[in-house]
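Below: the structure, in structure tokens.
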Amino acid sequence: MKAALWGIGGAGLGVGLMYWTDPRSGRWRRSHLQGKAVHAAHEAGGAVGVVARDLSQRSRGVYFESLRKLHRAPVDDLVLEERVRSALGRVCSHPGAIRVTARDGMVRLEGPILVEELRRVLPRIGKVPGVHGVDNQLVPYAEGSAHPALQGGIMRSGESRLFFQEHWSPSERLFGALGGLTLTAWGLGRRGLSGTLAALGGVVLSTRALTNLGMRRLTGLGAGRRAITLHKDINVDAPVEEVFAFWKEMQNFPRFMTHVDEVIPGTEGRSHWKVRGPAGLHFEWDAVVTKFVPNKVLAWKSVEGTAVENLGVIHFEPTPRGGTRVDIRLSYNPPAGAIGHAFAKLLGADPKKQMDDDLLRFKSLLERGRATGREAKVTREELAPRRREARDTLTH
Numbered sequence: 001m002k003a004a005l006w007g008i009g010g011a012g013l014g015v016g017l018m019y020w021t022d023p024r025s026g027r028w029r030r031s032h033l034q035g036k037a038v039h040a041a042h043e044a045g046g047a048v049g050v051v052a053r054d055l056s057q058r059s060r061g062v063y064f065e066s067l068r069k070l071h072r073a074p075v076d077d078l079v080l081e082e083r084v085r086s087a088l089g090r091v092c093s094h095p096g097a098i099r100v101t102a103r104d105g106m107v108r109l110e111g112p113i114l115v116e117e118l119r120r121v122l123p124r125i126g127k128v129p130g131v132h133g134v135d136n137q138l139v140p141y142a143e144g145s146a147h148p149a150l151q152g153g154i155m156r157s158g159e160s161r162l163f164f165q166e167h168w169s170p171s172e173r174l175f176g177a178l179g180g181l182t183l184t185a186w187g188l189g190r191r192g193l194s195g196t197l198a199a200l201g202g203v204v205l206s207t208r209a210l211t212n213l214g215m216r217r218l219t220g221l222g223a224g225r226r227a228i229t230l231h232k233d234i235n236v237d238a239p240v241e242e243v244f245a246f247w248k249e250m251q252n253f254p255r256f257m258t259h260v261d262e263v264i265p266g267t268e269g270r271s272h273w274k275v276r277g278p279a280g281l282h283f284e285w286d287a288v289v290t291k292f293v294p295n296k297v298l299a300w301k302s303v304e305g306t307a308v309e310n311l312g313v314i315h316f317e318p319t320p321r322g323g324t325r326v327d328i329r330l331s332y333n334p335p336a337g338a339i340g341h342a343f344a345k346l347l348g349a350d351p352k353k354q355m356d357d358d359l360l361r362f363k364s365l366l367e368r369g370r371a372t373g374r375e376a377k378v379t380r381e382e383l384a385p386r387r388r389e390a391r392d393t394l395t396h
């Protein structure tokens, strides 16, 4: 057994030496590896500096907060009012509708408020440093439409506790990764259900810290269509009418998107997609156009209940030289969320690189009449009717 292991190790070492000392490509490979190592070292140095600054600032914050608690001093009324307004902005969707007055530590709140937010506002204001009491004169409303000051606004979920926030600070990510690795090592060293659960929990915690993605986006559960977002813009040497006319006919997508097998247009802005995924898997779904502004915006999303929820938004902008700037934002939720996305990359399916290659093919298709690396062709004569159709649309 030992001889076999030594033999396998020697063979692997020999293959590695041949790979790096190859007379034709070895020099480039070594240079490429050196460049990656230098880049990784710079990235690691920058990350260490960010974590160090974050730890320093948080330590100073804890120190001064401790001093404040030990030496309680009266707070000026104007300062207290600003503190209360700041706290309202974190737990209330319409903080401007609430009038705040403070006098000798007693805070008076007046104005309309939503019933569901009242239960969060009063306890939060009571925790503001310097507040000794709260005089509640708020008028609760069940719906925002019942009062003009409560219409619109953004619902606030309140302040999240440490490690329960959507995005972790550098210090939180450091301690989360260290804690996850420690928990994983401890779990692997034990046997039974407890060790397995501990190891899995450590892996999840480490992944959460390293990616800085919330659990919804990481697992895909409850993330909707926005677990993974890809953003890209490209300039095309073609009029905006021509570019928009090409994109709006979604059956053109397989001409330059290598992973799209077929897009079948339907009625009322609907279409049926057939897409090839990693490891030879195939997916199908229906999509519907959600926004259509000729020569400006085209947006679509998958219908509810599809295996791979997704959406796309494309903005078209003419350039001074007669070309078109195309801004593309695609979001999707693969099986298992960002974890599934990472496994897909390990299998060689990198959506970001795939998107870059597809857009280069699209650019070549519009500018030269041929998608680079694909058999599909399109000529200027084929695009002329679409240009005339787009112009007629603008005229009418």
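Everything in the sequence shown is counted per the UniProt record's numbering, starting at 1 for the first residue and increasing by one. Every residue gets a Cβ at the ideal spot worked out from N, C-alpha and C, and that includes glycine.
Assess, as a yes-or-no matter, whether the region 47 to 64 is touched by the region 73 to 87 under the definition of 3 or more beta carbon pairs within less than 8 Å. Contact between the region 73 to 87 and the region 47 to 64 is not established, with fewer than three Cβ pairs separated by less than 8 Å.
Close Cβ partners of LEU118 (< 8 Å) along its chain, the five nearest in sequence each way excluded: Against the sequence shown, residue 118 aligns to sequence position 118. The residues are LEU138 and PRO140.
How about VAL275 and VAL260: are their beta carbons less than 8 Å apart? Position 275 of the sequence shown, counted from the first residue, corresponds to residue 275. Position 260 of the sequence shown, counted from the first residue, corresponds to residue 260. Taking 8 Å as the Cβ cut-off, VAL275 and VAL260 qualify as a contacting pair.
Given LEU205 as reference, the closest of GLY195, ASP233, LEU174 and GLY133 once Cα atoms are compared: By 1-based counting over the sequence shown, the position of residue 205 is 205. The option with the nearest alpha carbon to LEU205 is LEU174.
Pairwise C-alpha distance: GLY26 and TRP20: As a first step, residue 20 is located in the sequence shown; it is residue number 20 there, counting from the start. As a first step, residue 26 is located in the sequence shown; it is residue number 26 there, counting from the start. A straight line joining the alpha-carbon of TRP20 with that of GLY26 spans about 5 Å.
Could you tell me the alpha carbon to alpha carbon distance between GLY152 and GLY126, rounded to whole angstroms? Along the sequence shown, read from residue 1 onward, the residue named residue 152 stands at position 152. Along the sequence shown, read from residue 1 onward, the residue named residue 126 stands at position 126. Going by the C-alpha atoms only, they are around 26 Å apart.
THR267 versus ILE154 - alpha carbon distance: Mapped onto the sequence shown, residue 267 falls at position 267. Mapped onto the sequence shown, residue 154 falls at position 154. Going from the Cα of THR267 to the Cα of ILE154 covers about 35 Å.
Below 8 Å, can you find three or more Cβ-Cβ pairs linking the region 318 to 328 to the region 302 to 310? By the C-beta criterion, the region 318 to 328 is judged not to be in contact with the region 302 to 310, since fewer than 3 inter-stretch pairs fall below 8 Å.
Please give the ranges of any beta strand (DSSP E) in the region 184 to 262, keeping only runs that are unbroken, at least 3 residues long and fully inside the region. Scanning the region 184 to 262 from its first residue to its last, the whole beta strand (DSSP E) runs of 3-plus residues come out as 228 to 236.
Grab me the residues of VAL289's own chain with a C-beta within less than 6 Å of its C-beta, minus the 5 sequence neighbours each way, in chain order. Here residue 289 refers to the residue found at position 289 when the sequence shown is read from its first residue. GLY269 and TRP300.
Cut-off 6 Å between Cβ atoms - residues of its own chain near VAL240, not counting five sequence neighbours on either side: As a position in the sequence shown, residue 240 is number 240, starting the count at 1. Counting only Cβ-Cβ distances below 6 Å, and skipping sequence neighbours, we find ASN295, PHE316, PRO318 and THR324.
Contacting residues, own chain, Cβ-Cβ under 7 Å from TRP186 (five flanking each side not counted): On the sequence shown, residue 186 is found 186 positions in, with the first residue counted as 1. Within the same chain, TRP186 has close Cβ partners ALA198.
For VAL75, which three-state DSSP category applies? Counting from 1 along the sequence shown, the entry for residue 75 is found at position 75. For VAL75, the three-state secondary structure derived from DSSP is coil.
So which of ALA97, GLU143, VAL128 and VAL100 has the shortest CA-CA distance to LEU114? Working through the sequence shown from its first residue, we reach residue 114 at position 114. Ranking ALA97, GLU143, VAL128 and VAL100 by Cα distance to LEU114 puts GLU143 first.
Report back the beta-carbon spacing between PRO170 and ASP54 to the nearest angstrom; my notes put them in contact at under 8 Å. By one-based count along the sequence shown, residue 170 stands at place 170. By one-based count along the sequence shown, residue 54 stands at place 54. Rounded to whole angstroms, the Cβ separation of PRO170 and ASP54 is 4 Å, and the two are in contact under 8 Å.
Three-state secondary structure (DSSP) of GLY337: As a first step, residue 337 is located in the sequence shown; it is residue number 337 there, counting from the start. Reliability fails at GLY337, whose pLDDT of 48 lies under 50, so the model's placement of it is uncertain and the value that follows must be treated cautiously. Helix, per DSSP.
In whole angstroms, give me the CA-to-CA distance for SER302 and SER364. On the sequence shown, position 302 is the one that residue 302 refers to. On the sequence shown, position 364 is the one that residue 364 refers to. Answer to the nearest angstrom: the Cα atoms are 28 Å apart.
Rounded C-beta distance between HIS231 and ARG361? I'm assuming under 8 Å. The residue labelled residue 231 in the question sits at position 231 within the sequence shown. The residue labelled residue 361 in the question sits at position 361 within the sequence shown. HIS231 to ARG361, Cβ: 18 Å. No contact.
Residue from THR258, GLY105, GLN34 and ALA146 whose Cα sits closest to the Cα of LYS353: Working through the sequence shown from its first residue, we reach residue 353 at position 353. Closest by alpha carbon: THR258.
Does ASP104 come out as helix, strand or coil in the three-state DSSP assignment? What you label residue 104 is simply residue 104 of the sequence shown in a count that begins at 1. Three-state result, ASP104: coil.
Excluding the 5 residues preceding and the 5 following THR101 in the sequence, name in chain order all residues of the same chain whose CB lies nearer than 6 Å to its CB. The residue given as residue 101 occupies position 101 in the sequence shown. Residues ARG108 of the same chain have their beta carbon placed closer than 6 Å to that of THR101, with the five preceding and five following residues left out of the count.
Going straight from the alpha carbon of ASP356 to that of LEU178, what length do you get? Numbered from 1 along the sequence shown, position 356 holds the residue referred to as residue 356. Numbered from 1 along the sequence shown, position 178 holds the residue referred to as residue 178. Answer to the nearest angstrom: the Cα atoms are 35 Å apart.
Grouping DSSP H, G and I as helix and E and B as strand, with all else coil, what is GLY373? Locating residue 373 in the sequence shown gives position 373, counting from the first residue. Summary for GLY373: the model assigns pLDDT 43, below 50, so the residue's position carries little reliability, and this model does not support an answer.
Taking all protein chains shown into account, do 16 or more other C-beta atoms lie within 10 angstroms of the C-beta of ALA40, making it buried, or fewer, making it exposed? Mapped onto the sequence shown, residue 40 falls at position 40. Exposed, since its Cβ has fewer than 16 Cβ neighbours within 10 Å.
Please determine, among VAL131, THR211, GLU43 and ARG120, the residue with the shortest C-alpha to C-alpha distance to ARG72. Counting from 1 along the sequence shown, the entry for residue 72 is found at position 72. Closest by alpha carbon: VAL131.
For the alpha helix (DSSP H) containing TRP28, list its first residue and its last residue. The sequence position of residue 28 within the sequence shown is 28, counting from 1. DSSP places TRP28 inside the alpha helix (DSSP H), whose first and last residues are 26 to 70.
Out of THR207, ASN136 and GLN57, which one is the CA nearest neighbour of GLY176? Numbered from its first residue, the sequence shown carries residue 176 at position 176. Closest in C-alpha terms to GLY176, from the list THR207, ASN136 and GLN57, comes THR207.
Quick one: using the 10 Å Cβ neighbour count with 16 as the cut-off for buried, is residue 460 buried or exposed? The requested residue 460 does not occur in the structure, where the chain is confined to residues 1 to 396.
Neighbour-count burial assignment, PRO23, 16 or more Cβ in a 10 Å radius: In the sequence shown, the residue the question calls residue 23 occupies position 23. With fewer than 16 Cβ atoms within 10 Å of its Cβ, PRO23 is classed as exposed.
By a C-beta neighbour count over all protein chains shown, 10 Å radius and 16 as the cutoff for buried, is PHE256 buried or exposed? Along the sequence shown, one-based indexing puts residue 256 at 256. PHE256 is buried by the Cβ-count criterion.
Do VAL62 and VAL91 have their C-beta atoms closer together than 8 Å? Counting from one through the sequence shown, the residue named residue 62 turns up at place 62. Counting from one through the sequence shown, the residue named residue 91 turns up at place 91. No; because the gap between Cβ atoms is not below 8 Å, this pair is not in contact.
Within its chain, find whatever has a CB closer than 8 Å to the CB of GLY12; leave out the 5 residues flanking it on each side and keep chain order. Position 12 of the sequence shown, counted from the start, is the residue given in the question as residue 12. Here the set comprises nothing.
Are any of the Cβ atoms in chain C nearer than 8 Å to that of PRO318? No chain C appears in the structure shown, which is made up of a single protein chain.
C-alpha distance - SER59 paired with GLU172, whole-angstrom precision: Looking up residue 59 in the sequence shown gives position 59. Looking up residue 172 in the sequence shown gives position 172. One C-alpha to the other measures close to 13 Å.
Who are the near neighbours of LEU183 in its chain, counting only those whose CB is closer than 7 Å to its CB and skipping five residues on each side? The residue given as residue 183 occupies position 183 in the sequence shown. The residues are ALA198, GLY201, GLY202 and LEU205.
Starting from ILE113, follow its DSSP beta bridges and name the residues at the other end. By one-based count along the sequence shown, residue 113 stands at place 113. Looking at the DSSP assignment, ILE113 forms a beta bridge with PRO140.
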